[in-house]
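K.L.:
Handing you this structure, nothing more for now.
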Amino acid sequence: PLPHRVKIVEVAPRDGLQNEKAFIDTAIKVELVDRLAAAGFQNVEAASFVSPRWVPQMADGAEVMARITRRPGTLYSALTPNLKGFEAARAAGVDEVVIFSAASEAFAQKNINCSIAESIARFEPVAQAAREAGIRLRGSISCALGCPYQGEVPASAAVDVARRFLALGCDEIDVADTIGVATPAKVRAVMDAVTQSVDPARIAAHFHDTYGQAVANIVAALETGITIVHSSVAGLGGCPYARGATGNVATEDVLYLLRGLDIDTGVDLDAVVDTGQWISAHLDRKSASRAGNALAAK
Ligand code: HMG
Ligand code: MG
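Heads up: the sequence shown begins at 2 in UniProt numbering, then just goes up one per residue.
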């Protein structure tokens, strides 16, 4: 059975833009976040408080947060790899901080420069500080469905990190297909395994669309009881530490899918299509959203 309602976490301002080579003006980032909030998303991933040496594109997170128009009903999230990032996110008024590790040791080393176990130890003070500050905590598991360095990743590896995130007090946990290699059978196996340890209501599907499987994978995830889906307007994105991986599944494609399945999201598809065309024009490229381009051409 499919759910009647799905929460979409719109990640374009962070996952979508972090990999852009040319620095994007803060004003454009601010407008993107504001347009997305206005389209009705309950949750927008707006910034990243990571090392600017590692991801220079995200260096203006504090300014983005300061300049956006906060929409009541929208939660603004940001990535925080350590206590330094957490303090900056808190000062910027972020509603939810995201800690992130991986189901693959090799990817953890490349992305956050430490082992999975070390990352969990590093997140402990972040989790405690978030609790004390009353800030929501989310944990993201990269390469939960496949790794660019290691290849196949066993479901047990994702389950192990999910349990550790739960123990840290995460309100929500993302199962991420960082490089977009999964197919529905793999999604079913991993989601079934993870939801034995974690309430499916807390699990999010964070899928990239490299192999064109993301929409099918989302249906598979929804069938296992998942009700939170991440997507990026115009299919923007890619991880700097996952060479060749494309952006997240396009939000327009997800909204079109869910509308067809009669699943409510509270998001205005037309507004998202407009935003997808606007940001693509700004980045001087065609939108990667099939549904977005088809709807815009109507
Ligand atoms: P490190 O070099 O091992 O740590 O990086 P460090 O403590 O030695 O710090 C290096 C420098 O960065 C120092 O500056 C720190 O002060 C500074 P220096 O003294 O050399 O001038 N620094 C910071 N500055 C600002 N904010 C901070 C911060 N932390 C340190 N928070 C570290 C370790 C974790 C910091 C680094 O590896 C890092 O920032 N990694 C982030 C990588 C990243 O953002 N990747 C993309 C996001 S994850 C993703 O896209 C996957 C996801 O979408 C899910 C999926 O699809 O899989 C979430
Ligand atoms: Mg991602």
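Backbone N, C-alpha and C fix where the C-beta goes; we use that ideal spot for every residue, glycine too.
1. If you follow the alpha helix (DSSP H) that Y77 is in, where does it begin and where does it stop?
2. Which parts of the region 139–221 are runs of the beta strand (DSSP E), unbroken and 3 residues or longer, counting only runs that do not cross its ends?
3. According to DSSP, which residues form a beta bridge with A48?
4. Looking at the secondary structure, which residues open and close the alpha helix (DSSP H) in which E11 lies?
5. Return helix, strand or coil for N112, following the three-state DSSP convention.
6. Which first and last residues belong to the alpha helix (DSSP H) in which V250 is found?
7. Cβ of C144 within 7 Å of any heavy atom in the ligand MG?
8. What does the alpha-carbon distance come out to for the pair E224 and D178?
9. Counting only C-beta atoms, is A118 closer than 8 Å to chain D at any point?
10. What three-state label does DSSP hand H283 in the structure shown?
11. Can F101 and P82 be called in contact, C-beta distance under 8 Å?
12. Thinking just about the alpha-carbon of each residue, which of V45, V31, S105, G86 is nearest to the one in V56?
13. Going by C-alpha distance, which of F108, A131, M59 is nearest V154?
14. Leaving aside the five residues before and after C171 along the sequence, list all residues of the same chain whose C-beta is less than 8 Å from its C-beta, in chain order.
15. Taking the alpha carbon of V234 as the reference point, which residue from I174, L284, F124, V98 has its own alpha carbon closest?
16. D271 to E119, Cα distance in whole Å?
17. How about V8 and T252: are their beta carbons less than 8 Å apart?
18. Taking the alpha-carbon of A159 as reference, which of Q278, V199, R15 has the nearest alpha-carbon?
19. Under 8 Å Cβ to Cβ from D269, same chain only, skipping five residues before and after it: list those, please.
20. Hey, would you say the C-beta of T179 is under 7 Å away from at least one heavy atom of the ligand MG?
21. Could you name the residues of the same chain whose beta carbon sits closer than 6 Å to that of T266, not counting the 5 residues immediately before and after it, in chain order?
22. DSSP on S290, reduced to helix/strand/coil?
23. Just to confirm my understanding: we take T184, look at its own chain, exclude 5 residues before and 5 after, and list those with CB closer than 6 Å. What are they?
P.N.:
Reading off the structure:
1. Counting along the chain, Y77 falls outside any alpha helix (DSSP H), though it belongs to the beta strand (DSSP E) covering 76–80.
2. With a minimum length of 3 residues, the continuous beta strand (DSSP E) runs that stay inside the region 139–221 are 173–178, 204–208.
3. A79
4. Note, E11: premise wrong, no alpha helix (DSSP H); beta strand (DSSP E) at 8–11.
5. helix
6. Run containing V250: none; DSSP gives neither H nor E here.
7. Checking the Cβ of C144 against the ligand MG gives no.
8. 17 Å
9. Going by chain labels, chain D is absent from the structure shown, which holds only one protein chain.
10. helix
11. yes
12. Comparing Cα positions, the closest option is G86.
13. F108
14. I100, A128, L138, R139, G140, R203
15. L284
16. C-alpha of D271 to C-alpha of E119: approximately 44 Å in a straight line.
17. According to the sequence shown, residue 8 is Lys rather than Val. Taking a C-beta distance under 8 Å as the contact criterion, K8 and T252 do not qualify as a contact pair.
18. V199
19. A40, G41
20. yes
21. V7, I9, L259
22. Taken through DSSP and simplified to helix, strand or coil, S290 comes out as coil.
23. Same-chain partners within the cutoff: Q214.
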